[in-house]
Ligand code: ATP
Ligand code: MG
């Protein structure tokens, strides 16, 4: 492509982008859903949280699946003065197989989340792996949708999980699907510190 053709193409592109930017004038919190079977949902949510913390904002994380307590992100963030980190108590894992206890734990985690969604001090709330609570019927979507709709206008929320309940998708501002094309695990690579947790 000639230089002049490239220049005129870039000028046209700039006009289109500038026009789109000038149309996006609203400033408010957003609901972001990160779904799909590929790797990168939780780590993307925590990456966004770094941005928020970098701007001096206040954040909270609730992890709805009891995993290893000592994930790298937990070790890195736990002492941050602008961040609360909650891990669901007797949380759901593939191993618990105790539906009653899982439901109790889900409800306890949800009651913490509900408090955060009413609190204007929080700018960003990450509800990590929350989608499993709906998939297994541990929580109803209706009260969560209501709380999300009523949250403070400046507050953003990120929900992660492989499958996402439709009522959440109906009210989300941004939805990204992380597609699984390949994963090292299937080639025999074990979960490694610093990569998987
Ligand atoms: P990450 O925390 O690395 O961003 P994720 O949140 O997208 O991953 P989850 O569905 O929460 O992924 O799965 C949790 C764990 O399973 C992570 O350790 C992740 O690396 C791993 N994982 C994610 N996708 C796959 C996959 N397609 N195959 C095998 N393991 C996966
Ligand atoms: Mg995850």
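Numbering (this note's numbering), first residue to last: 19 to 215.
All C-beta atoms in this analysis are idealised placements derived from N, C-alpha and C, irrespective of residue type, glycine included.
In the DSSP assignment, find the alpha helix (DSSP H) that holds residue 162 and state where it starts and stops. Segment 159-168, the alpha helix (DSSP H) holding residue 162.
Answer yes or no: do residue 170 and residue 138 have a C-beta to C-beta separation smaller than 9 angstroms? Their beta carbons are under 9 angstroms apart, which means residue 170 touches residue 138 by this criterion.
In whole angstroms, what separates the C-alpha of residue 20 from that of residue 37? Rounded to whole angstroms, residue 20 to residue 37 spans 26 angstroms at the Cα level.
When burial is assigned at 16 or more other CB atoms within 10 Å of the CB, is residue 53 buried or exposed? Result: buried.
Where DSSP assigns a beta bridge to residue 210, which residues make up the other side? Beta-bridge pairing links residue 210 to no other residue.
Whose CA, out of 90, 118 and 34, lies closest to the CA of residue 154? Measuring from the Cα of residue 154, the nearest candidate turns out to be 118.
Name the DSSP beta bridge partners of residue 103, please? 79, per the DSSP bridge assignment.
Which two residues bound the contiguous alpha helix (DSSP H) that contains residue 174? Segment 174-178 is the beta strand (DSSP E) holding residue 174; no alpha helix (DSSP H) there.
6 angstroms Cβ shell around residue 143 - same chain, five flanking residues per side excluded: Same-chain partners within the cutoff: 78, 134 and 175.
Following the continuous alpha helix (DSSP H) through residue 89, name the residue where it begins and the one where it ends. In the DSSP assignment, residue 89 falls outside any alpha helix (DSSP H), carrying neither H nor E.
Going by DSSP, what residue range makes up the alpha helix (DSSP H) through residue 21? Where residue 21 is concerned, the enclosing alpha helix (DSSP H) starts and stops at 21-41.
Between which residues of its own chain and residue 91 is the CB-CB distance below 7 angstroms, once the five residues before and five after are set aside? Same-chain partners within the cutoff: 64.
With a Cβ-Cβ cutoff of 9 angstroms, do residue 49 and residue 177 count as a contact? Going by C-beta atoms, residue 49 is nearer than 9 angstroms to residue 177.
What does the alpha-carbon distance come out to for the pair residue 97 and residue 76? Looking at the two C-alpha atoms, the distance is approximately 13 angstroms.
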